[in-house]
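And the structure:
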């Protein structure tokens, strides 16, 4: 079966730390959850995987893994296919994931939709963390209220200054 080869590079910014994005991208067996053209990926050994796509399948070998930075693999049989995923930390809670894929058009064509789906799933499973229990929550408009005495201290939502007693007239 003759397969037209193609190549694509896509980047997405994800609101999770780099180590979480790396850990999720290394779960290659979960690729069918966000890569619509992949039916199944199964591990044959620590560095060998079997990919099942509509109409074809192949065996791939992991070439490189750099903790929290890089995952690279290539096919050893079937269609010629390679992928390199790099992860670049932007801040403690954000990273940039770049996937470079060359191979069958069935895989390459879907990467534009698959990477945003990966982002959606990872951010859903790892929501941003709020403040710690022993920290005070942030006060953005410098407003405090004393609900027992029904008075406002500082600026109110309308910008009024000073204390106000009793219910509003």
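In the working numbering, the protein residues as written are 253 to 421. The beta-carbon is built from N, C-alpha and C at its ideal position, and this holds for glycine as well.
1) Of the choices 342, 268, 376, 284, whose alpha-carbon is the least far from that of residue 306?
2) By how many angstroms is the C-alpha of residue 325 removed from the C-alpha of residue 301?
3) Between the C-alpha atoms of residue 291 and residue 304, what's the straight-line distance to the nearest angstrom?
4) Note down, in chain order, each residue of its chain lying with its Cβ closer than 6 Å to the Cβ of residue 362, except the 5 sequence neighbours on either side.
5) For the beta strand (DSSP E) containing residue 341, list its first residue and its last residue.
6) Along the chain, where does the alpha helix (DSSP H) containing residue 374 start, and where does it finish?
7) Nearest by alpha-carbon distance to residue 315: which of 275, 282, 334 is it?
8) By DSSP, does residue 262 sit in helix, in strand, or in coil?
9) Starting from residue 318, follow the beta strand (DSSP E) in both directions and report where the run begins and ends.
The structure says:
1) Per the Cα distances, 284.
2) Approximately 9 Å, taken between the alpha carbons.
3) For residue 291 and residue 304, the distance between alpha carbons rounds to 5 Å.
4) The residues are 288, 289.
5) From DSSP, the beta strand (DSSP E) with residue 341 extends over 334-343.
6) Note, residue 374: alpha helix (DSSP H), 363-377.
7) Selected option, being the one with the closest Cα: 334.
8) Strand.
9) Boundaries of the beta strand (DSSP E) harbouring residue 318: 308-318, taken from the DSSP string.
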